Amino acid sequence: MEFDKILVNPPFRNTSGNSTKTAPGGGRRNLYTSFAYKYIDLIKNTGTIYAITPPGIFKSTNHSRCVYLDYINDSGFFINMIDLDENKKYFNVGSPICSWMVSSKNTDIEVSSIGSKMKLKQNIDYIPVICNETIVSIINKMHNLNQGINLEIVRERNPDTFTGGISFGSLLSGNNNIKIYTDRSFLHKSGCLSIETNKVRTYKKLFESSLFKFWFIIHRYNGSIYRSLMNRIKIPEYDFDITSDDDVFNMYSLNKFEIEYVKYIVDLNGSYNKYERSTIADNLSNNLYTDHARNREYMSGIERDTLRIKQTNEVFTPTPLVQEMLDKLEEQDPTTFTDPTKTFLDNSCGDGQFLSEIVIRKMERSGCSLEQALSTTYGVEFMEDNVLECRARLAGPNPTQEVLDIVENNIVHHDALTYHYMFGEEKKRYLF
Ligand SMILES: C[S@@+](CC[C@H](N)C(=O)[O-])C[C@H]1O[C@@H](n2cnc3c(N)ncnc32)[C@H](O)[C@@H]1O
């Protein structure tokens, strides 16, 4: 089965080992990346995906472009918008979270970041986490230096040719004091990114300059510990001499405004991830079904200890963010909820934060019955108790047998990555 709208907040975790943390970048080592590929398989070619994930998914994980952005385009879809400000508005956590929309309409990508909005062309290689016109222009200059060559960040070295090197261990924390090694035994034991060079002092000045500090701040969450992303930076092909920050600004032809901006960001360094949670007013209706489906304490009903939350990533989407996303979906396609035949999927549906609001809007906007609204609303969830909560929530306060049958059929207990997405269709086929 394919769906008109997919609204999702997948588990943010590593796929390997016991680690519950996300792996840097957006590669397949993260469960949310596998979910993101699945969305493309499950969406109709006229449909829309609206997801909440770490922004790492839009980073370059190879030497050229962001693999997932290319996958979206190659599958006939386009990314319409990315909101990089979700931490500031809704999630008071240290790791970055963004929301993004993909559809079959080719528009420029609208990116919201640090309170401002900008348009990016579809052919961008990857999306910087902190993103505005100035940052994109500076990064482009650093990545496209005329007659420049790529940095050669190395992990392996040939002991016979080793002449000296630099290790970048602490750069990502905003502390760009570079260590220089002339003893080859040190270089690759550091576990950090390293560059092997016979011009260590010049490189040290380059990497310790304000412009490079700026580059590292901008990429702090981007998996920039990967060689691939750093190797996008170009340096002059021939000998270059650096004695000050200005030499580096000149090397990359930054204009006065860009230089001021770099200095401003470097001064601000460290303050980006300390967002305050905004207080958002609730506008709750008195309708009985709406009361039942919406008026519940966030993540209530089930005891979830810290270990469980770490393993399952049950951090549900706050209702005001759900509302905001549904509003944007409606702006993008005004028939989203007025046409009750449109099908919706959340394949990591938790206790139904998205699905309950979808059902409410379907009834409100199209005047359809609860049964009609439910029969086009689908969920998959890994934790059985969440499935039961979600079904009970969607069924409403006094459910009929028909309503109970629909939610039992449409909200399934399964691993979203291995589910066949037939939702009972397979049974119906054999009835005739
Ligand atoms: C971040 S929560 C989001 C829940 C809900 N969609 C929301 O936005 O509030 C992720 C949910 O995915 C579920 N989950 C984790 N791994 C899953 C899997 N492989 N298949 C389906 N659901 C999964 C978790 O139990 C959790 O409820």
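Add 47 to a position in the sequence shown, counting from 1, and you land on the number used in our numbering. All C-beta atoms, glycine included, are put in the ideal place defined by N, C-alpha and C. Everything numeric in this text was worked out from a predicted model, so none of it was measured.
Query raised in the report: When DSSP builds the beta bridges, which residues end up paired with F50?
Result: I90
Requested in this report: Could you pull out every residue in the same chain whose Cβ sits closer than 7 Å to the Cβ of T423, ignoring the five residues on either side in sequence?
Outcome: P387, T388, K389, T390 and F391
Report task. Using 8 Å as the cut-off, classify the Cβ of V369 as near or not near the heavy atoms of ligand 1, replying yes or no. Result -> yes
Query - Proximity winner among S159, Y118 and I174, relative to G103 (alpha-carbon distances) - result: Per the Cα distances, I174.
Requested in this report: For L167, write down the residues that DSSP places opposite it in a beta bridge.
Outcome: I156
Query raised in the report: Given that a residue counts as buried once 16 or more other Cβ atoms are within 10 Å of its Cβ, and exposed if not, what is V304?
Result: For clarity, residue 304 is Phe in the given sequence; the question names Val instead. Burial call: exposed.
Query raised in the report: Heavy atom of ligand 1 less than 8 Å from the Cβ of G103, yes or no?
Result: no
Query raised in the report: Nearest-angstrom Cα distance between H190 and R279?
Result: 5 Å
**Report entry** S184 to D117 span [Cα, whole Å]
**Finding:** 21 Å
Query raised in the report: Hey, how far is the Cα of I171 from the Cα of Y137?
Result: Roughly 27 Å between the two C-alpha positions.
Query - According to DSSP, residues forming a beta bridge with H460 - result: E428
Query raised in the report: Near A420, what residues of its chain come up, given a Cβ to Cβ distance below 7 Å and the 5 sequence neighbours on each side ignored?
Result: P387, V406, K409 and M410
Query - Between the CA atoms of T359 and N373 - distance to the nearest angstrom - result: The question names Asn, yet the displayed sequence has Leu at residue 373. So the alpha carbons of these two residues sit roughly 25 Å apart.
Query - Cβ-heavy atom distance, H461 to ligand 1, below 8 Å - result: Result yes, Cβ under 8 Å from ligand 1.
Query raised in the report: With distances taken from CA atoms, which of Y345, E377, Q379 and I306 is nearest P367?
Result: Y345
Query raised in the report: For T244, which three-state DSSP category applies?
Result: coil
Requested in this report: Figure out for me which residue from K281, D293 and K166 has the closest Cα to the Cα of I129.
Outcome: K166
Report task. Can you check the region 351-423 for any beta strand (DSSP E) of at least 3 residues that lies completely inside it and give the ranges in chain order? Result -> 391-393
Query raised in the report: Which two residues bound the contiguous alpha helix (DSSP H) that contains D294?
Result: D292 to M298
**Report entry** Check whether V362 and N56 have beta carbons under 9 Å apart
**Finding:** yes
Requested in this report: Tell me whether E243 counts as near ligand 1, meaning its Cβ is closer than 8 Å to at least one heavy atom of that ligand.
Outcome: Incorrect: E243 has no Cβ contact closer than 8 Å to ligand 1.
Query raised in the report: Just curious, the alpha helix (DSSP H) that F125 is in, first and last residue?
Result: In the DSSP annotation of this structure, F125 is not part of any alpha helix (DSSP H); the continuous beta strand (DSSP E) holding it starts and ends at F125 to D130.
Query raised in the report: Three-state secondary structure (DSSP) at Y311?
Result: helix
Query raised in the report: On the three-state DSSP scale, how would you describe P58?
Result: coil
**Report entry** Three-state secondary structure (DSSP) of Y466
**Finding:** coil
Query - Secondary structure of K106, DSSP reduced to three states - result: coil
Query - Close Cβ partners of E180 (< 7 Å) along its chain, the five nearest in sequence each way excluded - result: M165
Query raised in the report: Per DSSP, M148 is paired with what?
Result: BP columns for M148 point to Y97 and M128.
Query - Buried versus exposed call for K252 [16 or more other C-beta atoms within 10 Å across all chains shown] - result: Counting every other CB atom within 10 Å of its CB across the protein chains shown gives K252 a total of 16 or more, marking it as buried.
Report task. Compute the Euclidean distance between the alpha carbons of K281 and T100, then round it to the nearest angstrom. Result -> 30 Å
Query - Own chain partners of H461 with C-beta closer than 7 Å, once the 5 adjacent residues on each side are dropped - result: Excluding its 5 nearest sequence neighbours in each direction, H461 has C-beta neighbours in its own chain below 7 Å: V427, listed in chain order.
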